[in-house]
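*Asks:* Before we start, here is the structure in question, set down as structure tokens.
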Amino acid sequence: MPGDFGLLSPVTADPRRQSVTGDGAVVAAVLAVETAWVQVLESTGLAPAGSAATIREAANGEGFQAAGLAAAAQGGGNPVIPIVAKLRSLVSGRSPEAAAAVHASLTSQDVLDTALMLLASNAVAMLRGDVAGASAAMARLARAHAGTLQPARTLTQHSLPSTFGLKAAQWFHGLAAAATRLDAITFPVQFGGAAGTLAAGTVLAAKAGTDPFTLADSLAGNLGLAAAPAPWHTNRTQVTALGDALAALTDAAGKVANDVLLLSRPEFGELAEPRAAGRGVSSAMPQKQNPVLSILVRSAALAAPQQAAQLHLAAALSVDERPDGAWHTEWNALRTLLELAGGAAAALHELAAGLQVFPDAMRRNLAISGPLLLSEAAGAAVVPLLESQGGTANPRKGGVGNAPGGGKAAFQAIVDRALQAQAGTQGTEFARLLRAAVPETALADAELDRLLDPAGYLGENSRIVERIFAAYPQWVPEGGGHE
Numbered sequence: 003m004p005g006d007f008g009l010l011s012p013v014t015a016d017p018r019r020q021s022v023t024g025d026g027a028v029v030a031a032v033l034a035v036e037t038a039w040v041q042v043l044e045s046t047g048l049a050p051a052g053s054a055a056t057i058r059e060a061a062n063g064e065g066f067q068a069a070g071l072a073a074a075a076q077g078g079g080n081p082v083i084p085i086v087a088k089l090r091s092l093v094s095g096r097s098p099e100a101a102a103a104v105h106a107s108l109t110s111q112d113v114l115d116t117a118l119m120l121l122a123s124n125a126v127a128m129l130r131g132d133v134a135g136a137s138a139a140m141a142r143l144a145r146a147h148a149g150t151l152q153p154a155r156t157l158t159q160h161s162l163p164s165t166f167g168l169k170a171a172q173w174f175h176g177l178a179a180a181a182t183r184l185d186a187i188t189f190p191v192q193f194g195g196a197a198g199t200l201a202a203g204t205v206l207a208a209k210a211g212t213d214p215f216t217l218a219d220s221l222a223g224n225l226g227l228a229a230a231p232a233p234w235h236t237n238r239t240q241v242t243a244l245g246d247a248l249a250a251l252t253d254a255a256g257k258v259a260n261d262v263l264l265l266s267r268p269e270f271g272e273l274a275e276p277r278a279a280g281r282g283v284s285s286a287m288p289q290k291q292n293p294v295l296s297i298l299v300r301s302a303a304l305a306a307p308q309q310a311a312q313l314h315l316a317a318a319l320s321v322d323e324r325p326d327g328a329w330h331t332e333w334n335a336l337r338t339l340l341e342l343a344g345g346a347a348a349a350l351h352e353l354a355a356g357l358q359v360f361p362d363a364m365r366r367n368l369a370i371s372g373p374l375l376l377s378e379a380a381g382a383a384v385v386p387l388l389e390s391q392g393g394t395a396n397p398r399k400g401g402v403g404n405a406p407g408g409g410k411a412a413f414q415a416i417v418d419r420a421l422q423a424q425a426g427t428q429g430t431e432f433a434r435l436l437r438a439a440v441p442e443t444a445l446a447d448a449e450l451d452r453l454l455d456p457a458g459y460l461g462e463n464s465r466i467v468e469r470i471f472a473a474y475p476q477w478v479p480e481g482g483g484h485e
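Here is the structure:
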């Protein structure tokens with residue numbers, strides 16, 4: 003049976019999502035625009051009473067098969083032409099007068115652009131539910147693990163102590179920022195007629211003593227879309243803005259997936275995806291439990307930017323009053339972006355809601371570097387003490403001897419020597435060398451222990467989390483993320 007069901011794009015293979023973005027949804031959106039337009043005409047006396055009901059009845063029939071319409075669309079280069087022809091044919095058998103109102107004063111771009119805005123509005127509304135669920139789950143993780151120590155990693159290496167709560171809050175931050183940007187997008191109707199001049203619309207509207215702008219605004223109201231100040235058929239910023247917002251959403255989701263993929267490796271063991279029957283299996287290795295949700299999110303994040311770039315390319319190559327090919331490349335790129343963002347949001351929601359966190363593994367990995375992670379804090383306290391000793395550490399106590407350049411150079415020599423130790427023992431060696439370099443009379447054991455305690459060097463960790471939540475209150479669940 004012919005058709006595209008997402009077999010090679012599992013992140014988009016969701017019947018629920020296909021219902022709002024698939025070919026059937028495109029046909030339905032075109033028919034909705036045509037029906038809503040006749041409803042406008044009927045309400046202003048430009049179409050006979052009952053025309054909209056007649057057209058709606060015809061549009062809800064069985065005569066619109068996507069496969070046949072797609073083949074017929076090759077003749078005129080867009081799907082509106084065969085859909086309108088079929089609709090007019092069906093309506094004429096019921097009411098020739100109503101058939102005359104079908105597509106009156108419109109052009110294919112008016113209908114297809116408006117239909118795609120309607121389709122996008124429905125798809126974004128659907129994915130927003132998953133975004134809300136994912137962001138709420140991340141807020142709860144941030145609260146629950148506010149004190150769960152974890153090594154921060156920069157350029158793949160341990161850098162400073164941090165918490166998993168802050169990491170989850172930063173996931174929330176990226177997702178909430180992208181979602182807020184998407185919420186700001188409007189979905190306007192397109193109207194302009196054959197060349198963007200509203201010539202035919204002006205003649206039609208004059209018969210009812212009105213103007214085409216009023217008719218277009220009424221169409222927007224009927225469809226639940228935004229009114230547009232003017233035709234935007236050659237100004238594609240509306241489409242590129244939507245594409246950019248969708249790509250930003252997949253970027254944010256991709257960041258989460260990347261972190262989970264790394265930290266769920268057996269060598270790290272800090273996180274694990276939620277288990278589900280049949281998920282993560284291997285065709286050859288029974289023991290495998292692959293992080294499939296993260297893989298699907300990452301696949302969407304890798305694919306989405308190219309689709310957004312295609313929208314910009316189409317906009318940049320827009321010529322005359324209807325582009326010859328650039329506009330056509332926009333349709334599928336936008337729909338694919340909607341599908342990728344929707345698929346990523348759904349997988350991210352499930353991932354965040356069921357994410358398994360292993361604090362013991364985080365602490366174990368933190369201990370690999372141990373006190374060495376506190377070298378920044380220790381240096382601030384120890385360098386002045388070494389300066390007072392002339393930049394000298396006592397070699398007889400395992401120190402580093404004279405280090406030219408003063409206390410800072412002496413401290414760096416301690417760090418360098420610690421780094422030469424076997425991996426996993428470097429932190430212990432760093433602490434030993436520090437103790438040997440600085441007399442206890444200058445730095446008591448208790449104070450040195452405090453300097454080397456990772457829980458004491460978290461900066462503004464908690465305040466950062468609170469500021470993130472305060473910036474995006476609409477995405478924080480009731481209770482502020484508390485369990």
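So the sequence shown is numbered by my numbering: it starts at 3 and just counts up by one. Backbone N, C-alpha and C fix where the C-beta goes; we use that ideal spot for every residue, glycine too. Quick caveat: nothing in here was measured; it's all calculated off a predicted structure.
Can you check which of these residues, Ala210, Ala60, Gly24, is closest to Asn124 by C-alpha distance?
*Replies:* Gly24
*Asks:* I need the DSSP call for Gln152, collapsed to helix, strand or coil.
*Replies:* strand
*Asks:* Taking the straight line between their C-alpha atoms, what separation do you get for Pro98 and Ala138?
*Replies:* 54 angstroms
*Asks:* Taking Cβ positions, are Ser161 and Asn463 nearer each other than 8 angstroms?
*Replies:* no
*Asks:* Taking 6 angstroms as the limit between beta carbons, can you name the residues of its chain near Val35, skipping five residues before and five after?
*Replies:* Val113, Thr116, Ala117
*Asks:* Contact between the segment 89-107 and the segment 191-211 is defined here as three or more beta-carbon pairs at a separation below 8 angstroms; is this criterion met?
*Replies:* yes
*Asks:* Go ahead and pull the three-state DSSP assignment for Thr204.
*Replies:* helix
*Asks:* Identify the continuous beta strand (DSSP E) that holds His351 and give its terminal residues.
*Replies:* Counting along the chain, His351 falls outside any beta strand (DSSP E), though it belongs to the alpha helix (DSSP H) covering 328-356.
*Asks:* Could you check how far apart the C-beta atoms of Val467 and Ala181 are, in whole angstroms? I think they sit under 8 angstroms.
*Replies:* With a Cβ gap of about 18 angstroms, Val467 and Ala181 do not count as contacting.
*Asks:* Do the segment 301-310 and the segment 339-352 make contact, defined as three or more Cβ pairs closer than 8 angstroms?
*Replies:* A contact exists between the segment 301-310 and the segment 339-352.
*Asks:* Alpha helix (DSSP H) containing Gln159: first to last residue?
*Replies:* Careful: Gln159 lies outside any alpha helix (DSSP H), inside the beta strand (DSSP E) at 159-165.
*Asks:* Which class does Val126 belong to by DSSP, given the choice of helix, strand or coil?
*Replies:* helix
*Asks:* Distance, Cα to Cα, Pro307 vs Ala250?
*Replies:* 9 angstroms
*Asks:* By the 10 Å Cβ neighbour count, where 16 or more other Cβ atoms means buried, how is Val13 classified, buried or exposed?
*Replies:* buried
*Asks:* Quick check on the burial criterion: 16 or more other C-beta atoms within 10 angstroms. Buried or exposed for Asp246?
*Replies:* buried
*Asks:* Phe189 and Ala122 - do their beta-carbons sit closer together than 8 angstroms?
*Replies:* yes
*Asks:* Which residue comes first and which comes last in the alpha helix (DSSP H) that contains Phe193?
*Replies:* Neither: Phe193 is in no alpha helix (DSSP H) and is coded neither H nor E.
*Asks:* So Ile83 is in the alpha helix (DSSP H); what residue range does that whole segment cover?
*Replies:* 82-94
*Asks:* Alpha carbons only, please: which of Leu129, Gln358, Ala186, Glu332 is nearest the one belonging to Val22?
*Replies:* Leu129
*Asks:* Are the CB atoms of Leu342 and Gln309 nearer to each other than 8 angstroms?
*Replies:* yes
*Asks:* Could you tell me whether the Cβ atoms of Thr156 and Gly198 are closer together than 8 angstroms?
*Replies:* no
*Asks:* Please report how far the alpha carbon of Arg419 lies from the alpha carbon of Gly409, in whole angstroms.
*Replies:* 15 angstroms
*Asks:* Check whether the segment 377-394 touches the segment 411-430, counting contact only when three or more Cβ pairs, one atom from each stretch, lie closer than 8 angstroms.
*Replies:* yes
*Asks:* Count Cβ pairs between the segment 206-213 and the segment 334-341 that sit closer than 8 angstroms; are there 3 or more?
*Replies:* no
*Asks:* State the Cα-Cα distance for the pair Lys399 and Ala438, rounded to the nearest angstrom.
*Replies:* Note that Lys399 has pLDDT 47, beneath the 50 cutoff, so the model's placement of it is unreliable and the number below is only indicative. If I take the Cα positions, the gap works out to 5 angstroms.
*Asks:* Rounded to whole angstroms, what is the Cα-Cα separation between Leu436 and Leu151?
*Replies:* 23 angstroms
*Asks:* Using the C-alpha atoms, what's the distance from Ser45 back to Thr216?
*Replies:* 12 angstroms
*Asks:* For Gly356, which option in Ala136, Ala179, Glu389, Gly176 has the closest C-alpha, if you only look at C-alpha atoms?
*Replies:* Shortest Cα-Cα distance from Gly356 to any of Ala136, Ala179, Glu389, Gly176 involves Ala136.
*Asks:* Confirm, please, whether the CB-CB distance from Leu92 to Pro81 is below 8 angstroms.
*Replies:* In this structure, Pro81 lies away from Leu92, with their beta-carbon atoms at least 8 angstroms apart.
*Asks:* Rounded to whole angstroms, what's the CA-CA distance from Thr443 to Gln391? Just pull it up for me.
*Replies:* 13 angstroms
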